[in-house]
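Okay, so here's the structure we're looking at.
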Amino acid sequence: FKELQSNFTRKQIEEWAQETGFMKRKTKLKPEYFFLLCSCLGESFGEKSLVELCAQLCSTFDVELTSEGLNQRFNSKAVEFLKKMYQSIFSNQLAYPMVENRLFNRLRILDSSGFNLPADYLDYKGASGSGVKVQLEYELYQGSFLHLLVQEGKESDSNYPKVIRDTIQPGDLCLRDLGYFSLENLIDIEKRGGYYLSRLKNNMNLYQQNKEGRWEKMDLEKITKDLQRGETLELPNIRIGYWVKEPLITRVVLTKLTEEQEEKRQAHLNKKKKKGKKPLSAQKNISVNIYVTNIPQKMVKKEEIHSLYSLRWQIEILFKTWKSLFEIHRVKKMKKERFECHLYGT
Numbered sequence: 093f094k095e096l097q098s099n100f101t102r103k104q105i106e107e108w109a110q111e112t113g114f115m116k117r118k119t120k121l122k123p124e125y126f127f128l129l130c131s132c133l134g135e136s137f138g139e140k141s142l143v144e145l146c147a148q149l150c151s152t153f154d155v156e157l158t159s160e161g162l163n164q165r166f167n168s169k170a171v172e173f174l175k176k177m178y179q180s181i182f183s184n185q186l187a188y189p190m191v192e193n194r195l196f197n198r199l200r201i202l203d204s205s206g207f208n209l210p211a212d213y214l215d216y217k218g219a220s221g222s223g224v225k226v227q228l229e230y231e232l233y234q235g236s237f238l239h240l241l242v243q244e245g246k247e248s249d250s251n252y253p254k255v256i257r258d259t260i261q262p263g264d265l266c267l268r269d270l271g272y273f274s275l276e277n278l279i280d281i282e283k284r285g286g287y288y289l290s291r292l293k294n295n296m297n298l299y300q301q302n303k304e305g306r307w308e309k310m311d312l313e314k315i316t317k318d319l320q321r322g323e324t325l326e327l328p329n330i331r332i333g334y335w336v337k338e339p340l341i342t343r344v345v346l347t348k349l350t351e352e353q354e355e356k357r358q359a360h361l362n363k364k365k366k367k368g369k370k371p372l373s374a375q376k377n378i379s380v381n382i383y384v385t386n387i388p389q390k391m392v393k394k395e396e397i398h399s400l401y402s403l404r405w406q407i408e409i410l411f412k413t414w415k416s417l418f419e420i421h422r423v424k425k426m427k428k429e430r431f432e433c434h435l436y437g438t
């Protein structure tokens, strides 16, 4: 509560509540109380009953409401109010100090997290049944959030970069999971003056130009056969794919995993298979990480590429924290607006 007060005045919060239509007149359930109920005070919010939430309001803020009265406050106006609060917190957030002499303008990490919902949530279609997906982009230098989107679970990650493409600035580095991989997206980043660093998808072939200028398909198994554990190989000016209108010719870095890294990857693949998910990582290249990037060698050496890409785990840790602390993936049957308040509040 003190942190909320230090960032926003009560007047600001009330203005946002009025702008969104959440507060039309003064009531005992103040906007900041409602926000805190849906966020900091809302551990296991998605599983609590309305009676329990009313008891929480009474014990914390001495506000007495009936369960039906609180249920009526969970409406589309409340969702818009929490969205407004969320966006304002994002734009004011500076969790880490600026880094001097940094290599990139911004270090952008994009990832998503999805979870199933009760069958009643017909507005959120998943791959099977009901489901929701949260798209989140994080800027590592400032420790701030750039974008957040709540969408249906069935939506493909590869479509989201098109939504935020106009926000890419010259010098930005985009780190993304394999699910976002597409040649079109990588080419678009480069055209806008940005940098990309991505793992290579399993179904993509690599081509190298011979002395006659013809592009020949590379045998990755043969190339990586003699690599030692932990060794890195760099291949410049490699063409990704062949039958494309606009080919991507880029820097490719291959790293042979250590035994420990390979065991972790195999365990991760096995876990995905048990869940019925088709892993995007290449089973045939399980012992090798293949990266594609347009970052010049003089900026980042081949030996540093793996460590740089590993920064992407920061956002995965964040999602795991949300799920463990706020249990955003545990949701009982409730109306759509209450669920969205829970989601934006946490």
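In case it helps, the working numbering puts the sequence shown at residues 93 to 438.
Glycine included, C-beta positions come from ideal geometry on N, C-alpha and C.
(request) Thinking L48 and Y287 are a contact (beta carbons under 8 Å), I'd like their distance in whole angstroms, please. (result) Outside the shown range of the chain, which is 93 to 438, sits residue 48, and nothing can be said about it.
(request) With DSSP collapsed to three states, give me the class of M190. (result) Residue placement at M190 is flagged as unreliable, the pLDDT there being 46, under the threshold of 50; the coordinate-derived value follows with that caveat. Looking at M190 - three-state DSSP - the assignment turns out to be coil, as it is neither helix nor strand.
(request) Let me know the alpha helix (DSSP H) ranges lying completely inside the region 336-399, each 4 residues or longer, listed in chain order. (result) Counting whole runs of 4 or more residues, the region 336-399 contains the alpha helix (DSSP H) stretches 351-366.
(request) Within 10 angstroms of the Cβ of G206, are there 16 or more other Cβ atoms? Answer buried if so, exposed if not. (result) Burial is judged here by how many other beta carbons sit within 10 angstroms of a residue's own beta carbon; G206 has at least 16 and is buried.
(request) Determine the closest residue to N295 out of N362, N377, F126, with distance taken between C-alpha atoms. (result) Of the residues N362, N377, F126, the one whose Cα lies closest to the Cα of N295 is N377.
(message) Among the candidates K363, S290, R357, whose CA atom is the shortest distance from the CA of L346?
(response) Nearest of K363, S290, R357 to L346, Cα basis: S290.
(message) Counting beta carbon pairs with one atom in the region 295-304 and one in the region 393-406, are three or more of them shorter than 8 Å?
(response) In short, these stretches do not touch, since the Cβ pair count stays below three.
(request) Tell me whether the beta-carbon of Q406 lies closer than 8 Å to the beta-carbon of L232. (result) Yes, the pair counts as a contact, with Cβ atoms nearer than the cut-off.
(request) Under 8 Å by Cβ, that's how I've got L298 and L312 pegged, so tell me the actual separation to the nearest angstrom. (result) Beta-carbon to beta-carbon, L298 and L312 are separated by about 7 Å, close enough to satisfy the 8 Å threshold.
(message) Quick check: Y166 and K427, are their CB atoms within less than 8 Å of each other?
(response) Inspection of the sequence shows that residue 166 is occupied by Phe rather than by Tyr. Yes, Cβ-Cβ distance for F166 and K427 is below 8 Å.
(message) Is the beta carbon of V242 closer than 8 Å to that of V224?
(response) In this structure, V242 lies closer than 8 Å to V224 by Cβ.
(message) On the CB-based measure, 16 or more other CB atoms within 10 Å of its CB, does Y334 come out buried or exposed?
(response) By the neighbour-count criterion, in which 16 or more other beta carbons inside 10 Å mark a residue as buried, Y334 falls on the exposed side.
(message) In the DSSP output, what is D203 paired with across the bridge?
(response) Bridge partners of D203: L228.
(message) Between L128, S379, K365, which has its C-alpha nearest L319's C-alpha?
(response) Looking at the Cα atoms, S379 is the closest of the given residues.
(message) Taking its Cβ as the centre, do 16 or more other Cβ atoms sit within 10 Å of H434, making it buried, or is it exposed?
(response) It counts as buried.
(message) Considering only their Cβ atoms, is the gap separating I260 from E229 smaller than 8 Å?
(response) Their beta carbons are not under 8 Å apart, which means E229 does not touch I260 by this criterion.
(request) Go through its chain and collect everything with a Cβ distance to E408's Cβ below 7 Å, but skip five positions before and after it. (result) Excluding sequence positions up to five before and after E408, its CB lies within less than 7 Å of the CB of D203, all in the same chain and listed in chain order.
(message) Can you tell me which residues form a DSSP beta bridge with R268?
(response) According to DSSP, R268 bridges with L202.
(request) Along the beta strand (DSSP E) that carries P328, what are the first and last residues, could you check? (result) Where P328 is concerned, the enclosing beta strand (DSSP E) starts and stops at 324-332.
(message) Quick check on DSSP: helix, strand or coil for K309?
(response) In the structure shown, K309 sits in a strand (DSSP, three-state: E or B).
(request) Tell whether a beta-carbon distance below 8 Å holds between T342 and T385. (result) Using a Cβ distance threshold of 8 Å, T342 and T385 count as a contacting pair.
(message) Looking at the strands, I want to know which residues DSSP matches up with L240.
(response) Answer is L228, bridged to L240.
(request) Under the assumption that L142 contacts L162 (Cβ atoms under 8 Å), give the Cβ distance between them as a whole number of angstroms. (result) Contact between L142 and L162 is confirmed by a C-beta separation of about 6 Å, below the 8 Å threshold.
(request) State the beta-bridge partners of S439 as determined by DSSP. (result) A question about residue 439 goes unanswered here, because the residues of the chain that appear run from 93 up to 438.
(message) For Q234, tell me which candidate among R198, E247, Q164 has the shortest Cα-Cα distance.
(response) Residue R198 is the option with its Cα nearest to Q234.
(request) Alpha carbon to alpha carbon, how far is L157 from I112? Give it in angstroms, no decimals. (result) It is Thr, not Ile, that sits at residue 112 in the sequence shown. Taking the straight line joining both Cα atoms gives about 22 Å.
(message) By alpha-carbon positions, which one of V226, N251, R257 ends up nearest to E244?
(response) With distances taken between CA atoms, E244 lies nearest to V226 out of V226, N251, R257.
(message) Rounded to the nearest angstrom, what separates D280 and R257 at their Cα positions?
(response) The straight-line gap from Cα to Cα measures roughly 8 Å.
(request) Decide if K176 is buried, meaning its Cβ has at least 16 other Cβ atoms within 10 Å, or exposed. (result) Buried, because 16 or more other Cβ atoms sit within 10 Å of the Cβ of K176.
(request) Any chance you could list the alpha helix (DSSP H) runs of at least 4 consecutive residues sitting entirely within the region 137-165, in chain order? (result) The qualifying runs are 142-153, 159-165.
(message) For a quick check, are the C-beta atoms of C130 and L174 less than 8 Å apart?
(response) Yes.
(message) Taking 7 Å as the cut-off, is the beta-carbon of L410 closer than that to any non-hydrogen atom of the ligand NAP?
(response) Ligands in the displayed structure: none, and consequently the ligand NAP is not present.
(message) Let me make sure I understand the geometry here. Which of T152, P328, R321 has the alpha-carbon closest to that of K390?
(response) When each option's Cα is compared against that of K390, the closest is P328.
(request) In angstroms with no decimal places, state the Cα-to-Cα distance between V392 and E247. (result) Taking the straight line joining both Cα atoms gives about 34 Å.
(message) So, with DSSP's three-state summary, where would you put Q110?
(response) Of the three classes helix, strand and coil, the one that applies to Q110 here is helix, per DSSP.
(request) Use the C-beta contact count for E124: other C-beta atoms within 10 angstroms, 16 or more gives buried, fewer gives exposed. (result) Buried, by the Cβ-count rule.
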